[in-house]
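Q:
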Amino acid sequence: LFEGWEAAATSDKRRLLTQLLELDARYPVDVQGRVGLEAYIAHARELLTGSADNTNPFDGYVVEIPEGERMQIGSDAFRSDERLGMRVIQDAVFVLVAGGLGERLGFNGIKVELPSETCLGESFLASYISALLAIQEMGDPSRPVPLVIMTSEDTDTRTRALLESNGGFGMPMEQIHIITQANVPAVADNQARLVLSASDPFKLQTKPHGHGDVHTLLFQSGLLPRFEREGRKYMVFFQDTNVLAFRAIPAALGVSERNGLAMNSLTVPRYAGEPAGAICRLVRPAEVPLVINVEYNQLDALLRTSGQDGDAADDSGKSPYPANCNTFILSLGPYARALEATSGTMPEFVNPKYTDASRTSFKKPTRLECMMQDIPRLLAAGDRVGFTDFDRWFSFSPIKNSIDQALKAHADGVYAASPGAAEEKVYRANAALLRLAGATVESAPPREYLGLPLALQPAIAMTPRFALTVDALIARVPTGASVTISSRSTLLLDGDVTLHELQLDGTLVVRAARGVQVHIIGCAIHNAGWVFVPLKADSVDVPPPIAIRGYRVSKLEAVEIEITEPGNYQLVGNGVVRKV
Ligand code: UTP
15 LFEGWEAAAT
25 SDKRRLLTQL
35 LELDARYPVD
45 VQGRVGLEAY
55 IAHARELLTG
65 SADNTNPFDG
75 YVVEIPEGER
85 MQIGSDAFRS
95 DERLGMRVIQ
105 DAVFVLVAGG
115 LGERLGFNGI
125 KVELPSETCL
135 GESFLASYIS
145 ALLAIQEMGD
155 PSRPVPLVIM
165 TSEDTDTRTR
175 ALLESNGGFG
185 MPMEQIHIIT
195 QANVPAVADN
205 QARLVLSASD
215 PFKLQTKPHG
225 HGDVHTLLFQ
235 SGLLPRFERE
245 GRKYMVFFQD
255 TNVLAFRAIP
265 AALGVSERNG
275 LAMNSLTVPR
285 YAGEPAGAIC
295 RLVRPAEVPL
305 VINVEYNQLD
315 ALLRTSGQDG
325 DAADDSGKSP
335 YPANCNTFIL
345 SLGPYARALE
355 ATSGTMPEFV
365 NPKYTDASRT
375 SFKKPTRLEC
385 MMQDIPRLLA
395 AGDRVGFTDF
405 DRWFSFSPIK
415 NSIDQALKAH
425 ADGVYAASPG
435 AAEEKVYRAN
445 AALLRLAGAT
455 VESAPPREYL
465 GLPLALQPAI
475 AMTPRFALTV
485 DALIARVPTG
495 ASVTISSRST
505 LLLDGDVTLH
515 ELQLDGTLVV
525 RAARGVQVHI
535 IGCAIHNAGW
545 VFVPLKADSV
555 DVPPPIAIRG
565 YRVSKLEAVE
575 IEITEPGNYQ
585 LVGNGVVRKV
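In this note's numbering, the protein residues as written are 15 to 594.
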């Protein structure tokens with residue numbers, strides 16, 4: 015690193031040394047008492063030696079199907095778990111990991127600024143915050159639910175700016191705790207030699223260390239003891255773009271509470287061979303079994319060495335191992351104790367791309383990484399780890415892919431994971447939930463948007479203030495109600511709105527402010543509505559968050575009602591508001 019330093023300017027030398035000191039200060043003390051860069055390099059050498067020798071990290075493990083709960087959406091048991099979850103939800107801290115680069119999506123901004131759907135048009139960050147505010151509004155308004163956001167060097171400035179320019183989306187800034195992950199040094203070879211930047215010989219190359227940093231930062235920030243002092247019980251970790259996960263969190267919290275789980279992963283049924291991690295129970299003689307995520311690229315080999323038929327389907331047609339959604343709930347006490355024991359150090363791994371079979375040189379510098387779902391490795395022997403499995407339509411809608419990548423995924427028969435595919439999932443889930451509540455919701459065949467088939471209508475969007483749980487949503491369509499929504503309709507509902515009698519063929523938007531109750535009674539609405547207009551690949555006049563979807567909403571005609579003055583109202587006829 016210091017070659018040719020005699021001739022270098024002091025300011026340059028100072029730059030590199032400052033960076034080294036910063037990197038050194040950030041990396042936690044490990045269990046052997048090694049600190050900073052010394053620890054990082056020691057870990058890298060150990061892991062790179064193991065990787066060069068092709069050591070199997072799962073050597074000797076037998077894989078078993080873990081114990082967990084398979085939820086039936088809307089069943090009595092499900093609704094009872096939701097109610098139990100809602101009793102403790104204000105004792106939870108929500109942790110959003112939003113440091114990812116989103117390389118597969120190829121969007122210039124940050125993912126949390128994207129809308130989860132384009133009819134209401136709220137950003138992901140806004141919808142997460144409105145869910146937390148709704149929890150307070152419907153529960154105990156005097157007990158704020160904290161939000162922790164992990165940003166990174168790539169996302170920090172824009173995330174802060176998004177919050178600041180929108181007044182925290184209604185959440186006081188002191189309720190939001192931002193922790194920022196830093197990159198770690200890239201290493202050039204199996205000796206873990208650090209690498210200088212190609213364009214600047216006084217700067218180290220650095221790379222992201224992975225979302226496991228969230229645990230290190232929560233420990234280092236001192237937030238955990240603070241949350242414990244406040245009487246918090248649970249920490250809910252969730253990803254940047256999976257808005258449907260919020261539908262599953264209340265019931266999953268209920269399961270954590272009922273079963274006394276130290277860790278509870280939200281999962282969905284997994285297809286054999288699907289590129290998604292699987293929750294497995296790993297058993298080795300004389301060791302406490304480990305219930306943990308196994309990455310999909312390691313699963314098949316692990317299952318084979320453990321005497322099974324690889325990553326195959328069982329009689330149900332799916333893998334017996336549920337797919338990890340990277341949304342999970344930790345019980346704060348066991349979690350805080352686990353991090354204290356390691357001073358926040360997370361288990362790491364390394365994944366160099368070698369130039370040849372000798373496994374001695376890399377195609378490009380690599381770095382150590384860590385994953386947030388590896389927490390079970392740190393928990394104590396008696397801590398229970400389980401999973402709660404939800405139907406995909408109900409809880410799984412992350413955005414990962416650009417349209418090009420999405421077309422490939424679609425051709426392979428897997429979820430396309432583009433912004434449009436995620437928006438379709440949101441509308442479909444809402445339609446399915448209204449049907450569950452007793453409404454008749456027609457469906458329409460998909461249309462192609464930049465080659466990707468999507469069924470975007472009926473487009474139904476419901477804010478957390480309309481219903482936080484399935485239980486609450488079912489109550490929004492009382493027994494005996496008559497609700498029919500045609501396949502070309504758009505229905506947007508916000509706040510305390512009850513659907514008694516509604517025939518909708520077009521667009522209806524109802525927003526009820528705090529203290530307002532709206533009953534939709536004897537209401538028949540027919541108008542030109544809103545339509546999803548396909549975009550061309552080279553459309554220049556649309557903002558990037560819309561262009562990456564392949565369509566935009568054209569608002570032709572709608573009945574839009576917004577009531578702010580507290581009171582009881584009826585919506586009747588073709589959209590007339592009557593105060594009662
Ligand atoms: P993804 O797997 O979606 O990765 O991360 P990514 O980096 O955002 O996207 P690609 O792989 O470059 O396309 C899952 C979650 O973990 C967060 C992401 O923001 C997302 O919420 N994450 C990922 C971090 O917070 N930090 C990281 O270092 C990596």
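Ideal placement from N, C-alpha and C gives every residue a C-beta, glycine not left out. Keep in mind the model is a prediction, meaning the values are calculated, not measured.
1) How many whole angstroms separate the CB atoms of G520 and V586, which I take to be in contact at a CB cut-off of 8 Å?
2) Who pairs with F251 in a beta bridge, going by DSSP?
3) Answer with buried or exposed for N204, where buried requires no fewer than 16 other C-beta atoms within 10 angstroms of its C-beta.
4) Considering only residues of the same chain and omitting the five flanking positions on each side of R592, which have a CB-CB separation below 7 Å?
5) Quick one: what does DSSP say R406 is sitting in, helix, strand or coil?
6) T220 and V198 look like a contact to me (Cβ under 8 Å); what is the Cβ gap, rounded to whole Å?
7) Take the Cβ of E83 as the centre, count every other Cβ of all protein chains shown within 10 Å, and call the residue buried at 16 or more, exposed below.
8) Taking 7 Å as the line, does the beta carbon of D414 fall inside it for any heavy atom of the ligand UTP?
9) Using DSSP with H/G/I as helix, E/B as strand and the rest coil, what is S65?
10) Pull the bridge partners of S597 from the DSSP assignment, please.
11) Going by DSSP, what residue range makes up the alpha helix (DSSP H) through F376?
12) Out of A58, E456, L464, which has the shortest C-alpha to C-alpha gap to P472?
13) Would you report the Cα separation of F401 and V590, rounded to the nearest angstrom?
14) Rounded to whole angstroms, what's the CA-CA distance from T63 to R295? Just pull it up for me.
15) In chain order, what residues of the same chain have a beta carbon less than 7 Å from the beta carbon of A481, not counting five sequence neighbours either side?
16) Are there 16 or more other CB atoms within 10 angstroms of the CB of L570, so buried, or fewer, so exposed?
17) For R566 and P559, I'd like the C-alpha separation in whole angstroms.
18) Just grab the DSSP bridge partners of V257 for me.
19) Does the ligand UTP have even one heavy atom less than 7 Å from the beta-carbon of I225?
20) If you follow the beta strand (DSSP E) that L208 is in, where does it begin and where does it stop?
21) Could you tell me whether any non-hydrogen atom of the ligand UTP is closer than 7 Å to the CB of S130?
22) Could you have a look at P336 and say whether DSSP puts it in helix, strand or coil?
23) Take the Cβ of V269 as the centre, count every other Cβ of all protein chains shown within 10 Å, and call the residue buried at 16 or more, exposed below.
24) If contacts are defined as beta-carbon pairs under 8 Å, then D403 and P336 qualify, I think. What distance do you get, rounded to the angstrom?
25) Taking the C-alpha atoms as reference points, what is the distance between A561 and N541?
26) From which residue to which residue does the alpha helix (DSSP H) around A435 run?
27) Kindly indicate which three-state DSSP category H540 falls into: helix, strand or coil?
28) What separation, rounded to the nearest whole angstrom, lies between the Cα atoms of K332 and S213?
29) What is the rounded straight-line gap between the Cα of Q86 and the Cα of E462?
30) At a threshold of 7 Å, does N307 count as lining the ligand UTP (C-beta to nearest heavy atom)?
31) Buried or exposed for A420, please, with buried defined as at least 16 other CB atoms from any protein chain shown within 10 angstroms of its CB.
32) Find the nearest neighbour of A66 within the set Q517, G543, P366, judged by alpha-carbon distance.
33) Rounded to the nearest angstrom, how far is the Cβ of T380 from that of V364, given a contact under 8 Å?
34) Whose CA, out of L353, E96, Q322, lies closest to the CA of A394?
35) Straight-line CA distance for N68 to V305?
36) So within the segment 118–178, which uninterrupted alpha helix (DSSP H) runs reach at least 4 residues, ignoring any that extend past its ends?
A: Reading from the atomic positions:
1) For the purposes of this step, residue 520 is taken as the residue at position 506 of the sequence shown. For the purposes of this step, residue 586 is taken as the residue at position 572 of the sequence shown. Their Cβ separation, rounded to whole angstroms, is 16 Å, which puts G520 and V586 out of contact at 8 Å.
2) As a first step, residue 251 must be located in the sequence shown, where it is residue number 237. Paired residues: V109, F342.
3) In the sequence shown, residue 204 corresponds to position 190, counting from 1. By the 10 Å Cβ count, N204 comes out buried.
4) Along the sequence shown, one-based indexing puts residue 592 at 578. Contacts found: Y583, Q584, V586.
5) On the sequence shown, position 392 is the one that residue 406 refers to. Helix.
6) Within the sequence shown, the letter at position 206 stands for residue 220. Within the sequence shown, the letter at position 184 stands for residue 198. By a beta-carbon distance limit of 8 Å, T220 contacts V198. Their separation comes to about 6 Å.
7) As a working note, residue 83 is residue 69 in the sequence shown. Buried: at least 16 other Cβ atoms inside 10 Å.
8) Counted from its first residue, the sequence shown places residue 414 at position 400. For the record, residue 414 in the displayed sequence is Lys; it is not Asp. For the ligand UTP, at least one heavy atom lies less than 7 Å from the Cβ of K414.
9) Here residue 65 corresponds to residue number 51 of the sequence shown, with the count starting at 1. Three-state DSSP puts S65 in a helix.
10) Nothing about residue 597 can be reported from this structure: the residues present for the chain run from 15 to 594 only.
11) As a working note, residue 376 is residue 362 in the sequence shown. No alpha helix (DSSP H) contains F376, which is instead part of the beta strand (DSSP E) from 375–380.
12) On the sequence shown, residue 472 is found 458 positions in, with the first residue counted as 1. Of the listed residues, the one whose Cα sits closest to P472 is E456.
13) If you number the sequence shown from 1, residue 401 lands on position 387. If you number the sequence shown from 1, residue 590 lands on position 576. About 47 Å.
14) Mapped onto the sequence shown, residue 63 falls at position 49. Mapped onto the sequence shown, residue 295 falls at position 281. For T63 and R295, the distance between alpha carbons rounds to 27 Å.
15) Taking the first residue of the sequence shown as 1, we reach residue 481 at position 467. Close CB contacts of A481 within its chain, under the 7 Å cut and outside five residues either way in sequence, are with L487, R490 (chain order).
16) By 1-based counting over the sequence shown, the position of residue 570 is 556. Around the CB of L570, fewer than 16 other CB atoms lie within 10 Å, so the residue is classed as exposed.
17) Start at 1 with the first residue of the sequence shown, and residue 566 comes out as number 552. Start at 1 with the first residue of the sequence shown, and residue 559 comes out as number 545. If you draw a straight line from the Cα of R566 to the Cα of P559, it comes to about 10 Å.
18) Within the sequence shown, the letter at position 243 stands for residue 257. Within the DSSP secondary-structure output, V257 pairs in no beta bridge.
19) As a working note, residue 225 is residue 211 in the sequence shown. It is His, not Ile, that sits at residue 225 in the sequence shown. At least one heavy atom of the ligand UTP sits closer than 7 Å to the Cβ of H225.
20) Working through the sequence shown from its first residue, we reach residue 208 at position 194. Where L208 is concerned, there is no enclosing beta strand (DSSP E), given that its DSSP letter is neither H nor E.
21) Residue 130 sits at position 116 when you count from the first residue of the sequence shown. Look at S130: its beta carbon is at least 7 Å from all of the heavy atoms in the ligand UTP.
22) The residue labelled residue 336 in the question sits at position 322 within the sequence shown. Note: P336 maps to strand in three-state DSSP.
23) As a working mapping, residue 269 is identified with position 255 in the sequence shown. Flag for V269 reads buried.
24) Position 389 of the sequence shown, counting from 1, holds the residue named residue 403. Position 322 of the sequence shown, counting from 1, holds the residue named residue 336. Between D403 and P336, the beta carbon gap of about 5 Å places them in contact (Cβ cut-off 8 Å).
25) On the sequence shown, position 547 is the one that residue 561 refers to. On the sequence shown, position 527 is the one that residue 541 refers to. C-alpha separation (whole angstroms): 27 Å.
26) Here residue 435 refers to the residue found at position 421 of the sequence shown. Counting along the chain, A435 sits inside the alpha helix (DSSP H) bounded by residues 433–450.
27) In the sequence shown, counting from the first residue as 1, residue 540 sits at position 526. Three-state DSSP puts H540 in a strand.
28) By one-based count along the sequence shown, residue 332 stands at place 318. By one-based count along the sequence shown, residue 213 stands at place 199. Cα to Cα, the separation comes out at about 49 Å.
29) Working through the sequence shown from its first residue, we reach residue 86 at position 72. Working through the sequence shown from its first residue, we reach residue 462 at position 448. Approximately 32 Å between the Cα atoms of the pair.
30) Residue 307 sits at position 293 when you count from the first residue of the sequence shown. No; taking the cut-off as 7 Å, the Cβ of N307 has no heavy atom of the ligand UTP nearer than that.
31) For the purposes of this step, residue 420 is taken as the residue at position 406 of the sequence shown. Of the other Cβ atoms in all chains shown, 16 or more fall within 10 Å of the Cβ of A420; this residue is therefore buried.
32) By one-based count along the sequence shown, residue 66 stands at place 52. Restricting attention to Q517, G543, P366, the CA atom closest to the CA of A66 is found in P366.
33) As a first step, residue 380 must be located in the sequence shown, where it is residue number 366. As a first step, residue 364 must be located in the sequence shown, where it is residue number 350. The Cβ separation is near 6 Å, so the contact holds.
34) Taking the sequence shown and counting its residues from 1, one reaches residue 394 at position 380. For the residues L353, E96, Q322, the minimum Cα distance to A394 belongs to L353.
35) Looking up residue 68 in the sequence shown gives position 54. Looking up residue 305 in the sequence shown gives position 291. Spanning the alpha carbons of N68 and V305 requires a straight line of approximately 24 Å.
36) Inside the segment 118–178, DSSP marks whole alpha helix (DSSP H) runs of 4 or more residues at positions 138–152, from first to last along the chain.
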